[in-house]
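Trainee: For the sequence shown, the working numbering gives the first residue as 58, with consecutive numbering after it.
We put the beta carbon where it would ideally sit given N, CA and C, even for glycine.
Nothing here was measured: the structure is a model prediction, and the numbers come from that model.
Below is one structure. I have some questions about it.
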Amino acid sequence: MDVSWKLFATLREAAGQAEVQVAVGTDGTVADALEELLEEYPTLETDALDGNELRAHISVVHNGVRIDEPLASDRELADGDELALLPPLSGG
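Right under this line is the structure:
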């Protein structure tokens, strides 16, 4: 099944696009989709990962809901779900 990732700020720049599609198995989870994203776009690893962990300031959102500990998340996905990888945002 296909899910989409929306990328913002430095993460969008690292991937070279604002939205990407990744394929996960029929029983795919948020963790699986994140793994696929980082595999397909290894340039994101520098900004998103600290070793094998997601950087503390990066948030993952699934269909509008923030996910705690996304690398360990067993939250199942459905075809067409929308995920977002968010770095800290500032305004002024």
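1) List the whole-angstrom C-beta distance separating Leu140 from His119, where the pair is believed to meet the contact cut-off of C-beta under 8 Å.
2) Roughly how many whole angstroms lie between the Cα atoms of Val81 and Asp104?
3) Nearest CA to the CA of Leu142: which residue from Asp136, Thr83 and Glu126?
4) Below 7 Å CB to CB, which residues in the same chain sit around Asp28 once its five sequence neighbours on both sides are set aside?
5) So is Val122 buried or exposed if we call it buried at 16+ other beta carbons inside 10 Å?
6) Sort Thr83, Arg112, Leu91 and Met58 by Cα distance to Ser130 and report the nearest one.
7) Report back the beta-carbon spacing between Val77 and Leu68 to the nearest angstrom; my notes put them in contact at under 8 Å.
Mentor: Taking the definition as stated:
1) 5 Å
2) 23 Å
3) Glu126
4) Residue coverage of the chain in this structure runs from 58 to 149, which leaves residue 28 outside it and unanswerable.
5) exposed
6) Leu91
7) In fact, because the Cβ distance is near 10 Å, the residues do not count as touching under 8 Å.
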